[in-house]
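Enquirer: Before anything else, here's the structure in question.
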Amino acid sequence: MTKTSFQPAPTSASMPENTMASKMLSLNCIVRGASRSFLVDVESSQTVSRLKNKIMEKEKTLNNFGPSELALFLIKHGATKVELPAATASLEGLVELDELDNLQTHFPGVPDLQRVYIVVELPPQPSTSSSDMSPAAGSKRSFSPSTFQLEDIQRESKHDIPFSRITKAMFDQILAEHGLSTRVVSFSVESVAHSASTQKQIQPFIWGSAKENAQAKDYLEWLETNISLPTNTIFYDASKRINLLSTRVASTICNLRGTVDLAIMGKEYDMAWSHSAGLQVGIELKRSINEENLMQATLQLLSASMSSSFNPVIILTDLRSSWHFFWLEPGAIVSCTFGLQDGAALLQAIAHEPISDISDIPAAEATENTPYRRRCLLRDSIRMTRKETAIWPEESVSSSQGGNFQREATDIDFLPRSDVADMRDVFDVMTEDEKQEWRLKAILEYMKNTPSLQSLVMDCMD
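Here UniProt numbering is used: the first residue of the sequence shown is 1, the next is one more, and so on.
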């Protein structure tokens, strides 16, 4: 194990201008001994001391410690999930970071989000005698704070991933978890335009050199000028609610994090500060659109559909020639693409639909030019898709010689295998009772962590 020593930062007069520029770093961190890593965003111009504070803010399970009690170690080239156990088994070979170190000296480039760079070492905790244990708990375990912190961290083994940084492999896996395919439709917009104002020639928005979010006032004014909304509906600047669409239950492989730039919602939801529930249309704005943006908008739709009281539509647009619309139907994410005039007209048409009653509109009322009326929430998509699909393998019944019927053991090969130790590998030395007990626990654990089943349970509770 090596330890860095703090060197005085060079003055601005001696430092090249390009090394002075600060950037946002997204660092994958892990508490040593835990199984889940987490992302922390921090300016590269900040010190390691500031990174410790950011880690404390992000990982609430560490709230029994002070930032100065944490020791941070750097894995120089990062480690993948597979490499982590070996990389963190010992602190030898890792670089202990000094609190006064500048992060930019260790991260001159852009860190890989798939690799863990920072290892958090908790302070040693004295073991607690049985006399110090809570009598109400009735537990024989030591109440060591570090033990409980690690157990809390290990309960959730998923990464926090921003919508904009989802990889193609993760995107495909998330859709597969919900049994969703993608479908593209085309139709004529003229017949669904609700107002003569959409028939006027709209001039494309002119983007400035600043980042998209910095131009919020300008593009909001452009939308309010060119798109007419019902009197009780508003354009809401959702970019300031950075976790508006963040969710832990949309996938078993990651926690989705982020928001949209704008949302269309009723004024009453804005006044009640219930923006995620009130979202009717989400708008994601990009200066130019690429494939990654399309995946981002699709996952924003899934997340919005889990929290909204309505059947949401997500629009990805440059406010110029590209307008992409996304909505959910049973078993599919449906999309369509239009230019400026038709895109603006369709947005206005959707905004003027009787959205509060949209869930009650039968599919028969969706015409050739109004396919978006078939849209539904994610839980409804799952329910309608699986009406004729068995979620669990059928259990068979066989007859014994004595005439009694005995149910055969459920086939559990469909359950994912553990990366560490799978009990199915030792079934040959287990009793039937032990096997059955393990099967039950494994199925219950699978149900608890399956997003589609979580949605069904939540719906039943409603």
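From the three backbone atoms N, C-alpha and C, an ideal C-beta is built for every residue, glycine too.
#1: Below 8 Å, how does it come out for the segment 290-298 and the segment 309-329: are there three or more Cβ pairs, yes or no?
#2: Can you give me the C-alpha to C-alpha distance between Glu445 and Ser181, rounded to a whole angstrom?
#3: Looking at the structure shown, is Glu96 part of a helix, part of a strand, or coil, going by DSSP?
#4: Entirely within the UniProt domain "Crinkler effector protein N-terminal" (25-121) and at least 4 residues each: give me those alpha helix (DSSP H) ranges in chain order.
#5: Assign Asp41 to one of two classes, buried (16 or more other C-beta atoms within 10 Å of its C-beta) or exposed (fewer than that).
#6: Since Tyr236 is in the beta strand (DSSP E), which residue starts that stretch and which ends it?
#7: With DSSP collapsed to three states, give me the class of Ala442.
#8: Would Glu329 and Cys254 qualify as a contact pair, given that the criterion is a beta-carbon distance under 8 Å?
#9: Would you give the residue range spanned by the alpha helix (DSSP H) that Leu301 belongs to?
#10: Quick check on the DSSP output: what are the complete alpha helix (DSSP H) runs of length 4 or more inside the segment 304-352, in order along the chain?
#11: Hey, would you say Gly258 sits closer than 8 Å to Ser381, going by beta carbons?
#12: Which residue wins for smallest C-alpha separation from Ile350, given the options Gly331, Pro371 and Ile333?
#13: Taking all protein chains shown into account, decide if Lys240 is buried (16 or more other Cβ within 10 angstroms of its Cβ) or exposed.
#14: Taking the CB atoms as reference points, tell me whether Met306 and Ala250 lie closer together than 8 Å.
#15: Apart from the five residues just before and just after His194, which ones in its own chain have a Cβ nearer than 7 Å to its Cβ?
#16: Would you grab the beta carbon distance between Ser288 and Asp318 for me? Rounded to a whole angstrom, and I think it's under 8 Å.
#17: Going by the DSSP bridge assignment, what does Cys254 pair with across the sheet?
#18: Contact defined as beta carbons within less than 8 Å: I believe Ala263 pairs with Ala238. What is the distance between those atoms, to the nearest angstrom?
#19: So, helix, strand or coil for Gly266, using DSSP?
#20: Beta-carbon within less than 6 Å of Ile174's beta-carbon, same chain only, minus the 5 sequence neighbours each way: which residues are those?
#21: When the Cα atoms are used, what is the spatial distance from Ser49 to Glu83?
#22: Taking buried to mean at least 16 other C-beta atoms within 10 Å of its own C-beta, is Ala214 buried or exposed?
#23: Just to confirm, does Leu440 get its C-beta within under 7 Å of one of the non-hydrogen atoms of the ligand FMN?
#24: Can you tell me which of Thr88, Glu434 and Ile166 puts its alpha carbon nearest to the alpha carbon of Ala34?
#25: To the nearest angstrom, report how far apart Val31 and Val119 are at their CA atoms.
#26: Take Glu177 as the anchor and find which of Val281, Gly208, Leu103 and Leu302 has the nearest alpha-carbon.
#27: Looking at the secondary structure, which residues open and close the beta strand (DSSP E) in which Gly282 lies?
#28: According to the neighbour-count rule (16 or more other Cβ atoms, all chains shown, within 10 Å of its Cβ), is Asn18 buried or exposed?
#29: Rounding to the nearest angstrom, what Cα-Cα distance links Leu244 and Met24 in this structure?
#30: Tell me whether Ser288 sits in a helix, a strand or coil according to DSSP, three-state version.
#31: Whose C-beta lies closer than 6 Å to the C-beta of Thr337 among residues of the same chain, with five residues either side of it excluded?
#32: Taking the straight line between their C-alpha atoms, what separation do you get for Thr11 and Thr231?
#33: Would you tell me roughly how many angstroms separate the C-alpha atoms of Ser399 and Ile443, rounded to the nearest one?
#34: Report the rounded CA-to-CA distance for Ala344 versus Thr225, giving the unit in angstroms.
#35: Could you tell me which of Gly339, Arg320, Ile283 and Gln341 sits nearest to Ile314, measuring between CA atoms?
#36: Starting from Arg183, follow its DSSP beta bridges and name the residues at the other end.
Expert: On the basis of the coordinates in this document:
#1: yes
#2: Between the C-alpha atoms of Glu445 and Ser181 there is a straight-line separation of about 26 Å.
#3: Reduced to three states, the DSSP call for Glu96 is strand.
#4: Segments of the alpha helix (DSSP H) lying fully in the UniProt domain "Crinkler effector protein N-terminal" (25-121): 48-58, 84-88 and 103-106.
#5: exposed
#6: Thr233 to Asp237
#7: Here Ala442 sits in helix by DSSP.
#8: In this structure, the beta-carbon distance from Glu329 to Cys254 does not fall below 8 Å.
#9: Glu291 to Ser307
#10: 340-351
#11: no
#12: Pro371
#13: exposed
#14: yes
#15: Note that His194 has pLDDT 44, beneath the 50 cutoff, so the model's placement of it is unreliable and the number below is only indicative. Gln348, Ala349 and His352, listed in sequence order.
#16: 6 Å
#17: His159
#18: Between Ala238 and Ala263 the Cβ distance is about 4 Å, and since that is below 8 Å, they are a contact.
#19: strand
#20: Ser251
#21: 27 Å
#22: With fewer than 16 Cβ atoms within 10 Å of its Cβ, Ala214 is classed as exposed.
#23: Absence of the ligand FMN is noted for the structure shown, with no ligands found whatsoever.
#24: Per the Cα distances, Thr88.
#25: One Cα belongs to Val31, the other to Val119, and the distance between them is close to 6 Å.
#26: Comparing Cα-Cα distances from Glu177 to each of Val281, Gly208, Leu103 and Leu302, the minimum goes to Leu302.
#27: Val281 to Leu285
#28: The pLDDT assigned to Asn18 is 43, lower than 50, so where the model puts this residue is not dependable, and the model offers no usable value.
#29: 21 Å
#30: coil
#31: Within the same chain, and ignoring the five residues on either side of Thr337 in sequence, the residues whose Cβ sits closer than 6 Å to its Cβ are His324.
#32: Unreliable positioning characterises Thr11 in this predicted model, as indicated by a pLDDT of 43, which lies under 50. The coordinate reading is nonetheless provided below. Computed Cα separation, rounded: 57 Å.
#33: Bear in mind that a pLDDT of 41 at Ser399, under 50, signals an unreliable position, so the number given afterwards is only what the model happens to contain. Straight through space, the alpha carbons of Ile443 and Ser399 are spaced by roughly 26 Å.
#34: 11 Å
#35: Ile283
#36: Val334
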